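Inspection log for the structure reproduced underneath, given as structure tokens.
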Amino acid sequence: MKGIFGGEAVYKTIREHRRQRSPRRSAGAPGLNCLVLGGGGREYAIAWRLANCNSVATIDSLPGNAGLSLFTRVLDRKPDDVAWLDEHVLASFIDLAIVGPDDLIAAGIADALRRSEIAVVGPSKDASKIEWSKSFAKELMAEAGVPTARSESFADAASAKDGLGRWNAPVVVKADGLALGKGVTVARTPEEAVEALATPPWNSGRVLLEEFLEGEEVSLQALVDGETVVALPPARDHKRARDGDAGPNTGGMGAFSPTAVLPDDQAQTVAAEVIAPIAAALAKRGTPYRGVLYAGLMKTKVGWKVLEYNARFGDPEAEVTLPRIEGDFAKLLLALGEGRLAEYVAAEPIRFSRRAYVDVVLCAENYPGPPRTGMAVEGLDRLPESVFAFHGATKRGPAGNVIVNGGRVMHMVASGDNIAEARDRAYAGAERVTFEGKFYRSDIAQQEVAVA
Numbered sequence: 107m108k109g110i111f112g113g114e115a116v117y118k119t120i121r122e123h124r125r126q127r128s129p130r131r132s133a134g135a136p137g138l139n140c141l142v143l144g145g146g147g148r149e150y151a152i153a154w155r156l157a158n159c160n161s162v163a164t165i166d167s168l169p170g171n172a173g174l175s176l177f178t179r180v181l182d183r184k185p186d187d188v189a190w191l192d193e194h195v196l197a198s199f200i201d202l203a204i205v206g207p208d209d210l211i212a213a214g215i216a217d218a219l220r221r222s223e224i225a226v227v228g229p230s231k232d233a234s235k236i237e238w239s240k241s242f243a244k245e246l247m248a249e250a251g252v253p254t255a256r257s258e259s260f261a262d263a264a265s266a267k268d269g270l271g272r273w274n275a276p277v278v279v280k281a282d283g284l285a286l287g288k289g290v291t292v293a294r295t296p297e298e299a300v301e302a303l304a305t306p307p308w309n310s311g312r313v314l315l316e317e318f319l320e321g322e323e324v325s326l327q328a329l330v331d332g333e334t335v336v337a338l339p340p341a342r343d344h345k346r347a348r349d350g351d352a353g354p355n356t357g358g359m360g361a362f363s364p365t366a367v368l369p370d371d372q373a374q375t376v377a378a379e380v381i382a383p384i385a386a387a388l389a390k391r392g393t394p395y396r397g398v399l400y401a402g403l404m405k406t407k408v409g410w411k412v413l414e415y416n417a418r419f420g421d422p423e424a425e426v427t428l429p430r431i432e433g434d435f436a437k438l439l440l441a442l443g444e445g446r447l448a449e450y451v452a453a454e455p456i457r458f459s460r461r462a463y464v465d466v467v468l469c470a471e472n473y474p475g476p477p478r479t480g481m482a483v484e485g486l487d488r489l490p491e492s493v494f495a496f497h498g499a500t501k502r503g504p505a506g507n508v509i510v511n512g513g514r515v516m517h518m519v520a521s522g523d524n525i526a527e528a529r530d531r532a533y534a535g536a537e538r539v540t541f542e543g544k545f546y547r548s549d550i551a552q553q554e555v556a557v558a
């Protein structure tokens, strides 16, 4: 760690300079200077919510995207350049940093930022192992008594193939490490399991075989500060690429909040069952968690079971849950990053808006495979009322226009008095925004509207 992030002397100097408030950049108006690391829809949602806080003075984002450049200072740097981050934190008087993507958290960027004595929302590398090692997550759940699917861990795909005889189909095949949301497949037959084990990412490291669970999925995110756990609004996402939950897994094709599967008023109770024991177990191990902990849940006939944990805000869940958090979101995250979350929420209890939000993701041709990029995005100036374009994989072209820069290009996020109204608006927005090869699912939140 020292060799990567620099010696203690470097951080001592940074702390001394921060206390002196170096004049290299004017502190400007009173308020928080924020730094958001990442450049997708999740990071757009985080920065957008910060921008709507009276306590925020400035927002920097890196590497950012075309949309973030409209209301943040986008920095054309690699977000894992720790030496540069140290310098930037000092020169720009950064007060609060939020680490968005899983790969940056797994690389220990939050550890490096925290050494500069700023408020950081993002767990340590050790605590974030709950996401970047599914085997570790299963061990921790067993230790903490958290209900989850039965599973078996294998050193590699060949060993998993040999062990398939002990499992009945359907069986869930999981890559142990990070896979951009695409490391899980449900094999309906043994042949499908063998096929999955022969392809990336399952053929390149440790693999889990897991019991297939039936029920309704829901996403529950919580702010975790040691053993303090504060639930955020529940949501539901849509992982598969095509309507009717067909096609391959993706990073997420859309989401909505609230949901009848886990009503808002039950969120804290469920968090106490499936997130608080994990927080306590990590603290007991000497690796306390400070950041956002996401639990992917299945509501089965016998109760809640955990499918996975993510060590950060979900994407696309952030896009529909962060707008529902009332009050000063920046001050809430600052309290979390400074280790005083319990004190803050005791004085300012977290409140959820009654507004409903739906996110329909516009994707590039061939996603979730290698996407086609470079096409111009049109129609962003023709959005219907109460519809927002949360940029994902976009960048500025030579002429300053918005162009496609990856798979999940744009999140059409709409609000309404209920899910049906928000859904209609989101799809109206999805029709207005165009680019060559665009596709999206037509059934986002459909099941919620049918239930209502």
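Residue 107 is where the sequence shown starts when you use the working numbering, and the numbers rise one by one after that.
Note that beta-carbon positions come from the ideal geometry of N, C-alpha and C, so glycine has one too.
Note that the coordinates shown come from a computational prediction; the quantities given were computed from them, not determined experimentally.
Alpha carbon of residue i to alpha carbon of residue j, nearest angstrom
{"i": "Y463", "j": "A385", "result": "29 Å"}
{"i": "G173", "j": "K267", "result": "45 Å"}
{"i": "R312", "j": "A526", "result": "42 Å"}
{"i": "I550", "j": "A197", "result": "44 Å"}
{"i": "E542", "j": "A499", "result": "15 Å"}
{"i": "E320", "j": "F177", "result": "43 Å"}
{"i": "R471", "j": "Y546", "result": "Note that residue 471 corresponds to Glu in the displayed sequence, not to Arg. Between E471 and Y546, the C-alpha separation is close to 10 Å."}
{"i": "I381", "j": "D351", "result": "27 Å"}
{"i": "M518", "j": "A532", "result": "6 Å"}
{"i": "D434", "j": "S257", "result": "41 Å"}
{"i": "R127", "j": "R220", "result": "Summary for R127: the model assigns pLDDT 40, below 50, so the residue's position carries little reliability; its value from the coordinates is reported in the next sentence. Cα-Cα distance, rounded: 18 Å."}
{"i": "T540", "j": "G145", "result": "21 Å"}
{"i": "L315", "j": "K280", "result": "6 Å"}
{"i": "I200", "j": "R348", "result": "42 Å"}
{"i": "R125", "j": "A189", "result": "Note on R125: pLDDT 48, under 50, position unreliable in the model; the coordinate value appears next. Distance between the alpha carbons of R125 and A189: 19 Å."}
Which listed residue (the options) has its alpha carbon closest to that of residue i
{"i": "F494", "options": "R457, K244, G522, D282", "result": "G522"}
{"i": "A575", "options": "A378, E432, G503, Y450", "result": "Because the chain spans 107 through 558 in this model, residue 575 falls outside it and cannot be assessed."}
{"i": "L156", "options": "I236, I431, A528", "result": "I431"}
{"i": "R502", "options": "S492, P490, V515", "result": "V515"}
{"i": "V466", "options": "H344, A387, G146", "result": "H344"}
{"i": "D262", "options": "K390, N472, T305", "result": "T305"}
{"i": "D331", "options": "R460, W238, N171, V226", "result": "V226"}
{"i": "A520", "options": "N507, K437, T540, S492", "result": "S492"}
{"i": "A361", "options": "H194, V510, A441, P339", "result": "P339"}
{"i": "V277", "options": "G269, T295, G289", "result": "T295"}
{"i": "I165", "options": "A505, I204, G147", "result": "I204"}
{"i": "P136", "options": "S230, L438, E317, A163", "result": "A163"}
{"i": "S175", "options": "A505, T540, H497", "result": "H497"}
{"i": "V408", "options": "D370, A255, M359", "result": "A255"}
{"i": "T365", "options": "Y415, K437, L447, R461", "result": "R461"}
{"i": "E333", "options": "L442, D530, T356", "result": "L442"}
{"i": "G480", "options": "P474, K244, N507", "result": "N507"}
{"i": "L329", "options": "V367, A248, G420", "result": "G420"}
Three-state secondary structure assigned by DSSP to residue i
{"i": "I381", "result": "coil"}
{"i": "F242", "result": "helix"}
{"i": "I431", "result": "strand"}
{"i": "S230", "result": "coil"}
{"i": "D201", "result": "coil"}
{"i": "D192", "result": "helix"}
{"i": "R514", "result": "strand"}
{"i": "R131", "result": "With a pLDDT of 41 at R131, under the threshold of 50, the modelled position of that residue is not reliable, and no figure is offered here."}
{"i": "R183", "result": "coil"}
{"i": "D549", "result": "coil"}
{"i": "G271", "result": "helix"}
{"i": "K390", "result": "helix"}
{"i": "T375", "result": "helix"}
{"i": "R220", "result": "helix"}
{"i": "S459", "result": "coil"}
{"i": "L489", "result": "coil"}
{"i": "P296", "result": "helix"}
{"i": "L72", "result": "No answer is possible for residue 72: it lies beyond the span of the chain, which begins at 107 and ends at 558."}
{"i": "T119", "result": "Unreliable positioning characterises T119 in this predicted model, as indicated by a pLDDT of 46, which lies under 50. The coordinate reading is nonetheless provided below. Here T119 sits in helix by DSSP."}
Residues sharing a beta bridge with residue i, DSSP
{"i": "Y400", "result": "Q327, N416"}
{"i": "G409", "result": "T406"}
{"i": "G144", "result": "P169"}
{"i": "I509", "result": "A482, K501"}
{"i": "F494", "result": "V519"}
{"i": "V158", "result": "A small fix is needed here, since residue 158 is Asn in this sequence, not Val. Paired residue(s): none; N158 is not in a bridge."}
{"i": "R529", "result": "Its beta-bridge partners do not exist; DSSP assigns none."}
{"i": "S265", "result": "Paired residue(s): none; S265 is not in a bridge."}
{"i": "F362", "result": "R342, V464"}
{"i": "F318", "result": "Note: F318 sits in no beta bridge, so no partner."}
Whole-Å CB distance - residue i paired with residue j, under 8 Å assumed
{"i": "V412", "j": "L399", "result": "V412 to L399, Cβ: 11 Å. No contact."}
{"i": "V335", "j": "V451", "result": "The pair is not a contact, with the Cβ atoms about 10 Å apart (cut-off 8 Å)."}
{"i": "I215", "j": "D186", "result": "6 Å"}
{"i": "I456", "j": "A482", "result": "Wrong, their Cβ atoms sit about 41 Å apart, outside the cutoff."}
{"i": "L138", "j": "S161", "result": "5 Å"}
{"i": "K405", "j": "V324", "result": "7 Å"}
{"i": "I236", "j": "A401", "result": "Their Cβ separation, rounded to whole angstroms, is 10 Å, which puts I236 and A401 out of contact at 8 Å."}
Distance cut-off 8 Å: residue i Cβ against heavy atoms of the ligand COA
{"i": "A366", "result": "Among the components of this structure there are no ligands whatsoever, and the ligand COA is therefore not found."}
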